[in-house]
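Undergrad: Residue numbers (this note's numbering), protein chains in the order written: chain A, 1 to 349; chain B, 1001 to 1349. Heads up, the beta-carbon is just placed ideally off N, CA and C, and yes, glycines get one too. Got a structure for you, questions after.
Number of protein chains: 2
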Amino acid sequence: MSQPLTIALDAMGGDRAPEAVIEGACIARVRHAGLRFLLVGDEARIGALLARCPELAAVATVRHTVEVIGPEDRPSVALRRGKRSSMRIALEAVRDGEALGVVSAGNTGALMALAKAVLKTLPGIHRPALASIVPTRRGETVFLDLGANLDCTAENLFQFAVMGEVFARTVLGVIKPTVGLLNVGVETTKGNKTVQAAATMLQDDRLPLEFHGFVEGDAITAGKVDVVVTDGFTGNVALKTAEGTMRLYSEFLREAIKHSLISRLGYLLARPALSALRDRLDPRRYDGAVFLGLNGIAVKSHGATDALGFATAIGFAVDMSKEGFNDKVVAELSQWHADQASESEAAAL
Amino acid sequence: MSQPLTIALDAMGGDRAPEAVIEGACIARVRHAGLRFLLVGDEARIGALLARCPELAAVATVRHTVEVIGPEDRPSVALRRGKRSSMRIALEAVRDGEALGVVSAGNTGALMALAKAVLKTLPGIHRPALASIVPTRRGETVFLDLGANLDCTAENLFQFAVMGEVFARTVLGVIKPTVGLLNVGVETTKGNKTVQAAATMLQDDRLPLEFHGFVEGDAITAGKVDVVVTDGFTGNVALKTAEGTMRLYSEFLREAIKHSLISRLGYLLARPALSALRDRLDPRRYDGAVFLGLNGIAVKSHGATDALGFATAIGFAVDMSKEGFNDKVVAELSQWHADQASESEAAAL
């Protein structure tokens, strides 16, 4: 790419903004050569931080605003009132072609609402989805939707599958990603009408997608497939349940080890191994949920993210932009619809 | 209780039947004084096992049948064909008053379908639910529905909450159990129409139930409430996701420890602590999902259960029978409906 790639950052979103955002950009600048930034937020605070990272200052433009969407603000409030908010201005920079993607660690619901309003959905996509990359026993799996759409139709799930597959292929580099539909059993007869109808659509041979069929909740961490698709209600609950289980296990482990002097000594010896484990499961490695299906790239970093996590989130936005994620989704869906149409025509002759 | 309590066992259900079933009964007999058993299945195989546990033989009656419902049999097949199956005959013994409860480690879907057909639902309950006890950071939480009802109305969720609360109170002995409704956020505005309507019903002051409001997926293992209510699709996915996460963590832990000689030595020293941890999370301690809302007690033991797990499942059936679980649910719901009716009458005057 000869043109420089610009990413807009909501410098004021998240618990540790603007520090984590600017320091995250500092790290991302080193990781992605030629990257430029549009930093939206309080000029004075951003300027003070930029003074500590002149290399970043050299490739960054600051757009001043003092308005910020708070973590408790309802999406409807963000839509009505946040006209001059750092989040909205960053999104508008993508809409206006000044930046290819936006990254924010702010309020998820507000980001979803504003991103839909400002960027609109891609042609052929009815509803955008929120996707995340989760660690598995075999590597990583793309998991969606995580809460953007609580009630989904079969058509929604079908479109999520297509987007998840393109994401795994273009951003994670999986050659021929397999897609599973989350259900209460793997048998083809299992599940409600919605997952049944979605499975029928996904079995279509003309679709350039490896549909594995139904998978159960434990398939996510087992890494049985590269993409796991579900509605936003189930996906949100499953993701938070997994986070809670992880915390339960590590707390029980700590308590078990503290129980005797000998096991504490054992712990001291095994500590480097255990801290390697912690690194492997470090949420900062998986920071960032991506909104798929919008007319522009939008990545959500964790609200409690630090600089490292924010840099990872920027990395997703860069990869999606460079790989032309959106163009590929649109091309794939329109090709499929064209195939369907020509087949119906042929059938009508 | 002066009359002896009899539990019917599907001696042929589960991967390790009839061995795990008969050995489990042997353990349960010691735990629950005065307990009697009706063992349904292959007389020759059961007899050979009883010969090894004469104390059990003294309090058991065997009802012979060779028909067994397989793990892959669909519920509809079990309903049409399993007329002489060990599972159905055990359920009929409860219906006919020969036993107060039934325990089976067989096919869950078939057990649900047969239990509904044979026992029918309790007055005031539209649909039975499948509940389980899960370990948390503060103790144990009752979690339902786990897959008996994929699509739930607000009324279904309301009834699940009432049953879960009575279960926590009477079987787990929690003095004033709190109930949470699973959702994608804790704010009152979150969620779809169904959980919104269910929350409105549960907020009713006349209900003798401590409604905590909405909880997120990580609240389950955090033990934020004593009862977590959700629809069967979400509950099934969440439970299996938690199981998968547990496996992922312990596998990563094993790999991390194997990585160096020193950490292996540390592991040797910490091994007793780690095996205590394993015991604490041992699924056999939590074996058994209970069907709530049927006109009779029905407990499902894990398909892969061993004798210890099966004995735990028998324990649930015994506790529910002794504590009059079903009577309490019926009384609570009818009292609530009576209050509602008299209030509407008063309002109409």
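(1) Could you tell me which of A:T245, A:E216, A:L130, A:V102 sits nearest to V142 (chain A), measuring between CA atoms?
(2) In chain order, what residues of the segment 1231 to 1252 of chain B put their CB closer than 8 Å to some CB of chain A?
(3) Give the secondary structure of M1 (chain A) by DSSP, where H, G and I count as helix, E and B as strand, and everything else as coil.
(4) Are the segment 1125 to 1140 of chain B and the segment 1051 to 1066 of chain B touching, with three or more C-beta to C-beta distances below 8 Å?
(5) Between the segment 1081 to 1090 of chain B and the segment 1246 to 1253 of chain B, can you find at least three pairs of beta-carbon atoms closer than 8 Å?
(6) Please identify, using Cβ separations under 9 Å, the residues of the segment 1259 to 1272 of chain B that lie next to chain A, in order along the chain.
(7) In three-state DSSP terms, what is G1235 (chain B)?
(8) Residues of chain B with a CB under 7 Å from the CB of E216 (chain A): which are they?
(9) Quick one: what's got a C-beta closer than 8 Å to M1 (chain A)'s C-beta in the same chain, skipping five residues either side?
(10) Counting pairs of beta carbons, one from the segment 233 to 242 of chain A and one from the segment 1203 to 1222 of chain B, are three or more of them closer than 8 Å?
(11) I'd like the span of the beta strand (DSSP E) that includes T359 (chain A), first residue to last.
(12) Are G1288 (chain B) and A1313 (chain B) closer than 7 Å when you measure CB to CB?
(13) Measure the alpha-carbon distance for R1127 (chain B) versus V1237 (chain B) and round it to whole angstroms.
(14) Spell out a yes or no on whether the segment 1016 to 1023 of chain B and the segment 1300 to 1315 of chain B are touching, meaning 3 or more CB-CB pairs, one atom from each, closer than 8 Å.
(15) Within 10 angstroms of the Cβ of T1006 (chain B), are there 16 or more other Cβ atoms? Answer buried if so, exposed if not.
(16) Okay, do the segment 1163 to 1171 of chain B and the segment 198 to 208 of chain A touch, 3+ Cβ pairs below 8 Å being the bar?
(17) Compile a chain-ordered list of the residues in the segment 1130 to 1153 of chain B whose CB is closer than 8 Å to at least one CB of chain A.
(18) At a CB-CB cut-off below 8 Å, which residues of chain B make contact with T65 (chain A)?
(19) Starting from R74 (chain A), find everything on chain B with Cβ-Cβ shorter than 9 Å and list it in chain order.
(20) Find out if the Cβ-Cβ distance for the pair E72 (chain A), S85 (chain A) is shorter than 7 Å.
(21) Who pairs with D1010 (chain B) in a beta bridge, going by DSSP?
(22) Any beta carbon from chain A within less than 7 Å of I1027 (chain B)'s own beta carbon?
(23) Where does A1338 (chain B) sit, in a helix, a strand or coil, going by DSSP?
(24) Could you confirm whether any beta carbon from chain A is found closer than 7 Å to the beta carbon of T1221 (chain B)?
(25) Taking the straight line between their C-alpha atoms, what separation do you get for A1269 (chain B) and I262 (chain A)?
(26) Quick check: what's the CA-CA separation for G1173 (chain B) versus R63 (chain A)?
(27) Could you give the C-beta distance for H1212 (chain B) and G1180 (chain B), rounded to a whole number, given that I count them as a contact under 8 Å?
(28) Around the C-beta of T108 (chain A), are 16 or more other C-beta atoms found within 10 angstroms, so that it is buried, or is it exposed?
(29) Tell me which residue opens and which closes the beta strand (DSSP E) that L182 (chain A) is part of.
(30) Can you tell me the Cβ-Cβ gap for M351 (chain A) and A154 (chain A), rounded? I've got them flagged as a contact below 8 Å.
(31) Are the segment 102 to 122 of chain A and the segment 181 to 197 of chain A touching, with three or more C-beta to C-beta distances below 8 Å?
(32) Taking 7 Å as the CB-CB cut-off, is V225 (chain A) touching chain B?
TA: To lay it out plainly:
(1) By one-based count along the first sequence, residue 142 (chain A) stands at place 142. Minimum Cα distance to V142 (chain A) is reached at A:L130.
(2) G1232, F1233, T1234, N1236, V1237, A1238, L1239, K1240, T1241, A1242, E1243, G1244, T1245, M1246, R1247, L1248, Y1249, S1250, E1251, F1252
(3) Counting from 1 along the first sequence, the entry for residue 1 (chain A) is found at position 1. Per-residue confidence for M1 (chain A) stands at a pLDDT of 43, beneath the threshold of 50, marking its modelled position as unreliable; no derived number is given.
(4) no
(5) no
(6) H1259, S1260, I1262, S1263, R1264, L1265, G1266, Y1267, L1268, L1269, A1270, R1271, P1272
(7) Position 235 of the second sequence, counted from the start, is the residue given in the question as residue 1235 (chain B). G1235 (chain B): helix per DSSP, three-state reduction.
(8) What you label residue 216 (chain A) is simply residue 216 of the first sequence in a count that begins at 1. What E216 (chain A) touches in chain B: K1240.
(9) The count along the first sequence starts at 1 and reaches residue 1 (chain A) at position 1. Unreliable placement is indicated for M1 (chain A), whose pLDDT of 43 sits below 50; no coordinate value is reported for it.
(10) yes
(11) Summary: the structure shown does not reach residue 359 (chain A), with chain A confined to residues 1 through 349, and so no result is reported for it.
(12) For the purposes of this step, residue 1288 (chain B) is taken as the residue at position 288 of the second sequence. For the purposes of this step, residue 1313 (chain B) is taken as the residue at position 313 of the second sequence. Yes.
(13) The residue labelled residue 1127 (chain B) in the question sits at position 127 within the second sequence. The residue labelled residue 1237 (chain B) in the question sits at position 237 within the second sequence. Between R1127 (chain B) and V1237 (chain B), the C-alpha separation is close to 20 Å.
(14) yes
(15) Within the second sequence, residue 1006 (chain B) is the residue found at index 6, counting from 1. T1006 (chain B) is buried by the Cβ-count criterion.
(16) no
(17) P1135, T1136, R1137, G1147, L1150, D1151
(18) One-based indexing of the first sequence puts residue 65 (chain A) at position 65. The contacting residues do not exist; T65 (chain A) stays about 27 Å from chain B at best.
(19) The residue labelled residue 74 (chain A) in the question sits at position 74 within the first sequence. Here the neighbours are E1187, T1189.
(20) For the purposes of this step, residue 72 (chain A) is identified with residue 72 of the first sequence, where counting begins at 1. For the purposes of this step, residue 85 (chain A) is identified with residue 85 of the first sequence, where counting begins at 1. For E72 (chain A) and S85 (chain A), no; Cβs fall outside 7 Å.
(21) In the second sequence, counting from the first residue as 1, residue 1010 (chain B) sits at position 10. Looking at the DSSP assignment, D1010 (chain B) forms a beta bridge with B:V1040.
(22) As a first step, residue 1027 (chain B) is located in the second sequence; it is residue number 27 there, counting from the start. No, I1027 (chain B) lies away from the interface with chain A (no Cβ there is under 7 Å from its Cβ).
(23) For the purposes of this step, residue 1338 (chain B) is taken as the residue at position 338 of the second sequence. Three-state DSSP puts A1338 (chain B) in a helix.
(24) Residue mapping note: residue 1221 (chain B) aligns to position 221 of the second sequence, counting from 1. For T1221 (chain B), the answer is yes, since a Cβ of chain A falls inside 7 Å of its Cβ.
(25) Here residue 1269 (chain B) refers to the residue found at position 269 when the second sequence is read from its first residue. Here residue 262 (chain A) refers to the residue found at position 262 when the first sequence is read from its first residue. Looking at the sequence itself, residue 1269 (chain B) is Leu, so the reference to Ala does not match. Computed Cα separation, rounded: 6 Å.
(26) The sequence position of residue 1173 (chain B) within the second sequence is 173, counting from 1. The sequence position of residue 63 (chain A) within the first sequence is 63, counting from 1. If I take the Cα positions, the gap works out to 60 Å.
(27) In the second sequence, the residue the question calls residue 1212 (chain B) occupies position 212. In the second sequence, the residue the question calls residue 1180 (chain B) occupies position 180. Yes, H1212 (chain B) and G1180 (chain B) are in contact; Cβ-Cβ is about 5 Å, under 8 Å.
(28) Your numbering for residue 108 (chain A) matches position 108 in the first sequence. Buried, because 16 or more other Cβ atoms sit within 10 Å of the Cβ of T108 (chain A).
(29) Mapped onto the first sequence, residue 182 (chain A) falls at position 182. From DSSP, the beta strand (DSSP E) with L182 (chain A) extends over 178 to 182.
(30) Outside the modelled stretch of chain A, which goes from 1 to 349, sits residue 351 (chain A), for which no answer is possible.
(31) no
(32) Working through the first sequence from its first residue, we reach residue 225 (chain A) at position 225. By this cut-off, V225 (chain A) is not an interface position.
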